[in-house]
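Participant:
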Amino acid sequence: PEYAVVGKVISVDENGCIVPTIPDDEVDVYKADLKHNDRAILDSSDTNGFVKILCKKGTGNIVGCTIVSSRAGEIVNEVSLAMKHGIGLEGLGRNIHSYPTLGEGVMGCGLQFINARWKRMN
């Protein structure tokens, strides 16, 4: 599958290993696996792929994204545009996405962000 990244979320160390550039305690991570994505299932591909979006801790401000999937280079454009124009992860989650598409993984991350902020009713 393709691999696409936006933002400075990884680098390569002196041994050639990929390492994160942003400490875990500075970001919130939202990850949508594609194993239940209907397009991935229909195409019999990408069920091991994922969309991972990193936001500044406690906010919806997107600082980076990693996508592993076919068409990752096309999917990452939505996140890149959101970062450039200050659209937060909630905005991506509330945007209507075509069905069935692999791009729904981006929406899945946004919905995780939204759902994490719901207040529990007891």
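Numbering (my numbering), first residue to last: 33 to 154. We treat Cβ as the ideally placed atom computed from N, Cα and C, and that holds for glycine.
In whole angstroms, what is the alpha-carbon distance linking I119 and G142?
Facilitator: 11 Å
Participant: Looking at the structure shown, is V41 part of a helix, part of a strand, or coil, going by DSSP?
Facilitator: Coil at V41, not helix or strand.
Participant: May I have the straight-line CA-CA distance separating P132 from V51, to the nearest angstrom?
Facilitator: 33 Å
Participant: Where are the alpha helix (DSSP H) runs, 4 residues long or more, that stay fully inside the segment 36-84, in chain order?
Facilitator: 70-74
Participant: Measuring CB atoms only, is the segment 104-117 touching the segment 55-69, in the sense that at least three cross pairs come out at less than 8 Å?
Facilitator: no
Participant: Nearest to G125 by alpha carbon, out of G92, T98, V100, N80?
Facilitator: G92
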